[in-house]
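Beneath this line is the structure, given in structure tokens, with notes to follow.
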Amino acid sequence: MECQICHNYQYQFCCANCLRERLRVYNDELKQITQVKQRNVEKSNKFLTGSLRKYQMCLAEKQNKDQKLNKLGIEISKKKEEIVRNRQEIDILRRNLQTRRQILQESFTYFKKFKFDQKPLIIRDTENTKEKWRHVHQVLTHSRKVLIGELLSLFDLKEVPDPSSSSPTNNEDDCEYMIAGMTLPKKTDYFICPDEKIKIDETNAAVGHVIHMVGLIAHYLGVKLPFILVSKGSKSYAKDSMPGIFIGKKPLSLDKHNSEVFTVGMAMLNYDIAYLCHTQGVDIPFHKVTNTLRNLYHCCRAPNLGRSGHLTAMNRIFDRSFGLDFEQLLRLMFRRSGNDIKDGILRNNIPGATIPDYFEEDFEDDNGNDSENWVICDNLDR
């Protein structure tokens, strides 16, 4: 092909004929290349869809499993190292256990030998301690006796012959008891009748001294009384403190209008005195429980005075159990005063009143105030 323009290297231009010829050659070559490519693609597909494909998949799976095996090998190595460390710790613990067992055995042997050698010393120390306790208890008992003896002298509680008795013999029943020069009625007759009046002031003064003295004795002996006694002059009262007994407050000051409830209060006071005698080993017959001053006197002169109490280490009293029935005592006091109880009903001065009525009634002072400054003996149940 002779073309002056196409062969001109100074100006790169092609003529139309040259372009057509080149396009034809290019298309022929492209067609051949496409055919070759198509044959290669068909060969490749045929190769991949055959046994070679399965081989490649197996090879890929093998590579994945090899990676997993490598990871498991690393974890196994770590576990082996951990097992080695645990075995070392177990060996250390075994050695420590063996050492402690040996120490324990040596300690047991030493203790057994020490116990055998020191047994006489321990027994001797125990006996010495008990002897000291006994000595302290004897000193405490003596101190209590001295204090209560001083109370007898201070309150002038004494036994005197009964001037109204005509018996020449010195019988206990023919004696009366005085506190601070005053006495209490023997028959507990606190019911005021128009033709026979009791000396109210003397009775209240004597009862006040008895309350004060009982409180001090209970404090010295460390005895918790069944009924709480509160001394407030004309507003003195007794109240229950034991479970199962619901009496409330009953006055311990007599006037013209409270003879019956005052008798209940005196029954509570006599019950406390009888309980004091019981704790100190003094046996009070039931028919003499109402003799207030007599029982208090014999409690202060008890042979075993001061040995027992709720607060002592030796001969300790652990409860307030007492065989005396309060309701029977109350019946006895009303019977002694000439106001007998028949079928639960009081005759004479209190018609229609029953024993349970006194357990339900409550005594309140006039002002509703129980905290005056001049309280002599409050809350004996400490």
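Numbering (our numbering), first residue to last: 4 to 385. Don't be surprised by glycine CBs; every beta carbon is placed ideally from N, CA and C. All figures in this text were calculated on a predicted structure; none of them were measured in a lab.
Asked: Which residues does DSSP pair with C178 in a beta bridge?; Found: P164
Asked: Which partner residues does R319 have in the DSSP bridge list?; Found: G312
Asked: Would you decide whether E263 is buried or exposed? Buried here means 16 or more other CB atoms lie within 10 Å of its CB.; Found: buried
Asked: Less than 7 Å between C-beta atoms, sequence neighbours within five positions excluded: which residues of the same chain meet that for K148?; Found: L308, G309
Asked: Who are the near neighbours of A270 in its chain, counting only those whose CB is closer than 6 Å to its CB and skipping five residues on each side?; Found: L332, L333, M336
Asked: Work out the CA separation of Y274 and I214 for me, nearest whole Å.; Found: 12 Å
Asked: Roughly how many whole angstroms lie between the Cα atoms of L150 and L157?; Found: 10 Å
Asked: Have a look at E92 and T102 and give me their C-alpha separation to the nearest angstrom.; Found: 15 Å
Asked: Under 7 Å Cβ to Cβ from L314, same chain only, skipping five residues before and after it: list those, please.; Found: G225
Asked: Give the straight-line distance between the Cα atoms of H212 and G184, rounded to the nearest whole angstrom.; Found: 11 Å
Asked: Assign V285 to one of three DSSP states: helix, strand, or coil.; Found: coil
Asked: Could you tell me whether the segment 300-307 touches the segment 276-286, using the rule of 3 or more Cβ pairs below 8 Å?; Found: yes
Asked: Does the separation of the CB atoms of Y223 and L296 fall below 8 Å?; Found: no
Asked: Let me confirm a value: K259 is counted as buried when at least 16 other C-beta atoms fall within 10 Å, else exposed. Which label applies?; Found: exposed
Asked: Go ahead and pull the three-state DSSP assignment for F230.; Found: strand
Asked: Would G218 and A241 qualify as a contact pair, given that the criterion is a beta-carbon distance under 8 Å?; Found: no
Asked: If we count the other Cβ atoms within 10 Å of its Cβ and call it buried at 16 or more, is V233 buried or exposed?; Found: buried
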